[in-house]
Each structure stands twice: as structure tokens, then as C-alpha cells.
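Structure first, then comments.
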Amino acid sequence: MSEPPASQPPPPPPASGDGPPPSLIPPPTPPPSRPGVKLPPALARLLADPAGRVVIAITVLGVCGLALLVCVAIASYVIDNGVPAIPLPFAATPTATLQPTEYVPSEALVSSENVKVPLAIPEVLKFVGVSFPVASVEASKDGVWQVPMNQKTTAFWVHGTLINYVFGLPDTSDNESALDGLVKGDSIEVQMSDGRALRFQVTRKASVPASTTGIFEQTRPGLTLVLVGGRGATRLAVEALFVGQSGTAATIGSSGPVDLGVPAQAGDLRVTVTATRLVTSGASELPSGLGYYLVDFTVENTGPGPVEASLVVAELVDSTGARYAPVIPVSAITTYPPLAGKLDPNSTTNATAAYLVAATFSDPAPIWRFSPEAGSRDLAQVRLAASAASIPAVSVTLESAALSDDQTELILSGTVVNLGTQERNVTQADLALLAGTGQAGEYHSATPPLPWSLAAGAFQPYKIVFARPATASAVFKLLGWQFEVTGLP
Numbered sequence: 010m011s012e013p014p015a016s017q018p019p020p021p022p023p024a025s026g027d028g029p030p031p032s033l034i035p036p037p038t039p040p041p042s043r044p045g046v047k048l049p050p051a052l053a054r055l056l057a058d059p060a061g062r063v064v065i066a067i068t069v070l071g072v073c074g075l076a077l078l079v080c081v082a083i084a085s086y087v088i089d090n091g092v093p094a095i096p097l098p099f100a101a102t103p104t105a106t107l108q109p110t111e112y113v114p115s116e117a118l119v120s121s122e123n124v125k126v127p128l129a130i131p132e133v134l135k136f137v138g139v140s141f142p143v144a145s146v147e148a149s150k151d152g153v154w155q156v157p158m159n160q161k162t163t164a165f166w167v168h169g170t171l172i173n174y175v176f177g178l179p180d181t182s183d184n185e186s187a188l189d190g191l192v193k194g195d196s197i198e199v200q201m202s203d204g205r206a207l208r209f210q211v212t213r214k215a216s217v218p219a220s221t222t223g224i225f226e227q228t229r230p231g232l233t234l235v236l237v238g239g240r241g242a243t244r245l246a247v248e249a250l251f252v253g254q255s256g257t258a259a260t261i262g263s264s265g266p267v268d269l270g271v272p273a274q275a276g277d278l279r280v281t282v283t284a285t286r287l288v289t290s291g292a293s294e295l296p297s298g299l300g301y302y303l304v305d306f307t308v309e310n311t312g313p314g315p316v317e318a319s320l321v322v323a324e325l326v327d328s329t330g331a332r333y334a335p336v337i338p339v340s341a342i343t344t345y346p347p348l349a350g351k352l353d354p355n356s357t358t359n360a361t362a363a364y365l366v367a368a369t370f371s372d373p374a375p376i377w378r379f380s381p382e383a384g385s386r387d388l389a390q391v392r393l394a395a396s397a398a399s400i401p402a403v404s405v406t407l408e409s410a411a412l413s414d415d416q417t418e419l420i421l422s423g424t425v426v427n428l429g430t431q432e433r434n435v436t437q438a439d440l441a442l443l444a445g446t447g448q449a450g451e452y453h454s455a456t457p458p459l460p461w462s463l464a465a466g467a468f469q470p471y472k473i474v475f476a477r478p479a480t481a482s483a484v485f486k487l488l489g490w491q492f493e494v495t496g497l498p
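The sequence shown begins at 10 in the working numbering and counts up by one.
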């Protein structure tokens with residue numbers, strides 16, 4: 010018979026004063042709860058579920074992105090609807106000077122101080138069956154050219170030589186043979202960035218000191234081609250004279266030159282030169298030492314059909330026979346735009362032809378040649394005014410010419426604009442009226458009264474009165490500008 014398990018001793022009674030028995034101890038008082046927002050049951054279930062929390066996070070990011078797009082759209086609307094922006098300061102970047110060992114592509118710009126403007130520049134040089142792409146460089150003042158000799162088939166054009174184009178070819182045996190093979194009368198062609206092809210004819214070949222700077226002179230239109238990069242004290246140089254654009258007639262028509270203001274016929278075109286002048290200031294694109302010789306003219310199409318102005322050839326020829334091709338100035342210094350578009354039958358067009366010349370250009374008897382197209386023997390020639398000195402840049406227009414009511418006075422009205430950067434004074438000595446015999450007309454008055462003082466950029470309307478000339482035509486001169494007045498009864 011098994012014995013009953015031993016009984017466990019009862020727990021000792023609590024000591025007197027230790028508090029009530031455990032079953033009577035009150036639970037600890039919880040901290041007071043803070044007021045809060047009771048979440049909707051659906052959201053509470055999402056927050057309790059990890060996958061639900063991911064959904065909520067993606068939703069929040071999407072809402073933020075949408076808000077950002079709305080802000081950008083509002084900002085764009087505000088900017089596009091005339092709200093002024095805060096202007097930021099800016100300054101022209103000075104023109105960087107090319108190092109002698111560097112070269113730039115033929116798209117280089119002709120620079121004047123800190124301004125760069127595009128002018129037609131050489132792109133390809135051709136002679137005796139060889140062709141060279143052109144890059145531009147700046148030669149040092151002592152005549153040293155340090156061109157990249159690995160560019161053996163590149164012609165290097167001296168940046169800014171726009172009247173006498175100066176080219177250098179790396180001194181290699183092939184290039185030396187090519188230059189040495191040129192003889193007097195050979196043709197050299199330069200393709201320009203504006204699509205023209207300029208033709209030159211070799212006139213001289215010689216060895217020159219490697220340090221010579223005379224080859225850079227811009228006194229007459231031509232081309233100088235030298236070998237560069239050699240170690241010798243001399244270099245081979247070839248000189249050529251400008252003879253016209255590609256296709257230009259080499260012969261002159263039988264008609265002789267006419268005077269300024271006298272119409273001349275060239276095929277179906279009747280051309281009249283009305284004014285000439287030399288401008289050496291007021292055109293920021295002009296390199297130092299160069300100027301514009303400007304020829305104002307009218308051309309009338311007397312033929313039955315239209316004539317394309319782009320085919321017209323107009324050249325300036327100085328008394329030595331040097332020929333200048335026209336250019337298009339960037340600055341607004343011309344009276345009229347260049348000849349362009351189609352010349353319709355019975356239409357008359359005013360235009361200005363511009364030529365790059367030396368700023369000291371002073372020729373006693375320049376001739377202007379005008380032909381309806383290259384290769385044509387229909388050639389008009391005009392004797393231009395002697396350019397003894399340059400004049401400050403001014404623009405003069407003649408807007409009307411009329412006789413007074415009693416037929417005794419000639420009244421001329423127009424405007425004068427000072428295009429220069431300095432004040433220009435105008436006196437009676439700056440104007441004249443010449444009759445057909447060259448006799449000066451009698452000056453009567455001017456409105457406003459002379460002298461005039463024109464600040465830089467000033468615009469001055471005028472009315473000038475002369476005694477009526479006895480001839481049927483007269484030439485009005487003002488500040489170097491010349492206008493022919495015809496049809497006097």
C-alpha cells in the first residue's frame with residue numbers, strides 16, 4: 010500500500026505591516042492618454058498590414074510629384090505672360106588672342122576690339138591643279154608663323170587680311186614644288202564662305218626675308234602666298250593681283266566711261282551713279298586700317314524681261330588697274346541696301362555697292378564697272394569722284410528738289426544723320442551746287458540756319474536754297490555726298 014505524498018508546508022504568513030495580501034494590491038495607474046484622431050477602420054487596417062503601408066507610401070509620393078508638376082506649370086505660365094524677370098548684369102567677352110601654335114577652322118570671325126562679326130572669308134585655295142582647305146591663324150608682328158606642321162595640306166590664312174589675302178603653306182617638299190611651279194600669269198582661285206570664287210593672277214615670285222612684315226600690307230587687292238615653318242632666313246613668296254570673280258569678263262566693252270550722275274547703258278540695264286564716299290568710322294566690324302568705299306546708284310531695267318540682280322557684276326577699279334570686289338557691310342552705314350532680287354521691266358531700283366579698301370585710300374581717278382552678268386561684253390563704266398580724304402561717317406539723303414513759285418530758286422530738302430562717335434559741325438563750305446559746266450551755284454539760305462552742330466547719332470532735317478542754275482541739270486554736294494538734280498525746265 011503506497012504512502013500518501015508528503016504535505017507541503019504552508020507559506021509563511023506575511024509580516025505584520027507589509028500591506029494587504031497580493032490579491033488585494035491595486036494595478037498601477039496608467040499614464041493619462043493624449044487626445045488623438047481616430048483613424049478610419051479601413052486606413053487602420055492598411056497601416057496594420059505591411060503591404061498596406063507600401064501602398065500608402067506610393068500614394069503619398071505620387072501626390073507630392075503631382076504637386077511639383079502643378080508648381081512648375083504655374084511658374085511657366087507666370088513667366089510666359091509678361092511678368093518681368095530680374096535682369097542680370099552681363100559684359101562683352103574680350104576677343105581671345107590666338108597663340109602662334111594654334112589654328113581655328115575657316116569659320117573664324119573677323120574681330121574688331123571685343124566685337125566679332127561675320128565677313129566673307131576664304132574656305133578653299135586652288136592653283137595648278139591642287140586644292141587646300143583653309144584655316145585661319147594670327148601671325149606675330151615680327152612675321153613669325155608657327156603653324157601645326159602636321160597639317161601639311163592646309164592653307165593658313167592670316168586672320169583679317171581682307172584686301173590683300175595672305176596665305177601660308179607649311180614648308181614641305183610638295184608645297185615648295187607647287188609654289189615653285191607657279192609662273193607669271195598663272196591663275197589662283199579662292200573660294201569664299203559666301204559662295205563667291207575670287208580669281209587672282211600671279212605677277213611676281215621671289216625669296217623674301219622670313220621676318221618681313223610687308224607681305225601683310227592691305228594697300229591694294231591681291232593675294233600673297235608664302236611657305237611657313239621653315240628654318241631658313243628666307244622664304245618663297247608668290248604675289249598675285251585680283252582679276253575678278255569667277256566668270257568675270259576679262260575684256261572691256263567699247264563704250265568709254267561717263268561722269269558721275271550721267272546714265273550709262275549696260276545691256277538692258279541703265280545705271281546712274283549718284284554719290285560716292287569713303288567711310289572709315291562708325292562701322293564696328295572694320296579691322297584697323299580698313300575702310301568702306303561706297304557707291305550709291307540707280308539701275309533701270311529697260312528691257313522686255315526681268316534681270317536677276319545676283320548675276321550683276323559691279324567692280325571698283327583704281328588708277329593702277331587694281332580691282333575690288335563688292336562686300337556687304339554689317340553696320341547700317343549705306344544709304345540703300347545692296348542690289349538684290351529680280352529687276353522687273355521698266356522698274357528703277359536704288360542700291361549701294363560697298364568695297365573694302367585701305368583707310369588711306371586716295372585715288373585720283375577710280376572707275377566703277379557695271380555689267381548685267383559675268384562674261385558679258387555689255388559693260389558700263391563710270392568715273393567716280395576723287396577720294397582725296399576720308400570723311401566722318403555721316404548719312405545724307407536728298408528727299409525732294411523743287412523750284413520756287415517764281416521759278417528763280419532751287420529748293421533741296423533731306424536729312425543728315427551723324428553716324429560717328431563724335432560731334433560733327435556743318436558749315437556752308439560743306440555744301441555746293443555745281444552746274445553742268447562745273448560752275449558753282451549761288452547759295453541763298455538754309456533751314457535751320459548754318460552752321461549746324463550734330464551730336465553723335467543726331468538726326469537733322471534740312472532745307473537748302475540755291476539760285477536756280479541756268480542748265481537743265483546740276484550736282485548737289487553735301488558732306489562728301491553727291492546728288493544729281495535733273496529735269497530743270
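Note that the Cβ used here is the ideal one computed from N, Cα and C, for glycine as well. None of the values given here were measured: they were computed from a predicted structure.
Shown here, ALA318 sits in a helix according to DSSP, grouped into three states. About 6 Å separates the Cβ atoms of VAL405 and LEU488, confirming a contact at the 8 Å cut-off.
Using a C-beta cut-off of 8 Å, the region 347–360 makes no contact with the region 212–224, since fewer than three inter-stretch Cβ pairs fall below that distance.
A Cβ-Cβ distance of about 12 Å is found for the pair ILE342 and TYR302, leaving them out of contact under the 8 Å criterion.
Note on the region 168–224: whole alpha helix (DSSP H) runs with a minimum of 4 residues are 182–189, in chain order. The C-alpha of LEU234 is placed about 56 Å away from the C-alpha of ALA479. Across the structure, PRO373 and VAL199 are spaced so that their CA atoms are roughly 29 Å apart.
Counting along the chain, the unbroken beta strand (DSSP E) around PRO142 starts and ends at 139–146. If you draw a straight line from the Cα of SER186 to the Cα of PRO157, it is about 20 Å long. Per the DSSP secondary-structure output, PRO131 pairs in a beta bridge with MET201.
Secondary structure at ASP439: helix, using DSSP grouped into helix, strand and coil. DSSP, reduced to helix, strand and coil, places LEU428 outside both helices and strands of the structure shown, so it counts as coil. Counted as a single uninterrupted DSSP element, the beta strand (DSSP E) harbouring TRP461 occupies residues 461–463. Taking the C-beta atoms as reference points, TYR471 is found nearer than 8 Å to SER422. Counting only residues of its own chain and dropping the five nearest sequence neighbours on each side, ALA389 has a CB closer than 6 Å to the CB of ALA273, ALA275, VAL280, PHE379. Counting the other Cβ atoms within 10 Å of the Cβ of ASP183 gives fewer than 16, which makes it exposed.
Boundaries of the beta strand (DSSP E) around VAL474: 468–476. Ranked by Cα distance from GLU226, the options GLY239, ALA242, VAL175, GLY194 are led by VAL175. Secondary structure of ARG229 (DSSP, three-state): coil.
Around the beta carbon of LEU412, fewer than 16 other beta carbons lie within 10 angstroms, which makes this residue exposed.
Of the other Cβ atoms in all chains shown, fewer than 16 fall within 10 Å of the Cβ of THR329; this residue is therefore exposed. ASN355 counts as exposed, since fewer than 16 other C-beta atoms from the protein chains shown sit within 10 angstroms of its C-beta. Judged by beta-carbon spacing, LEU245 lies beyond the 8 Å limit of ASN173, meaning their Cβ atoms are not closer than that value. In this structure, DSSP gives ASN355 a state outside helix and strand, which the three-state scheme calls coil. Here the C-alpha atom of ALA410 lies approximately 18 Å from the C-alpha atom of THR357.
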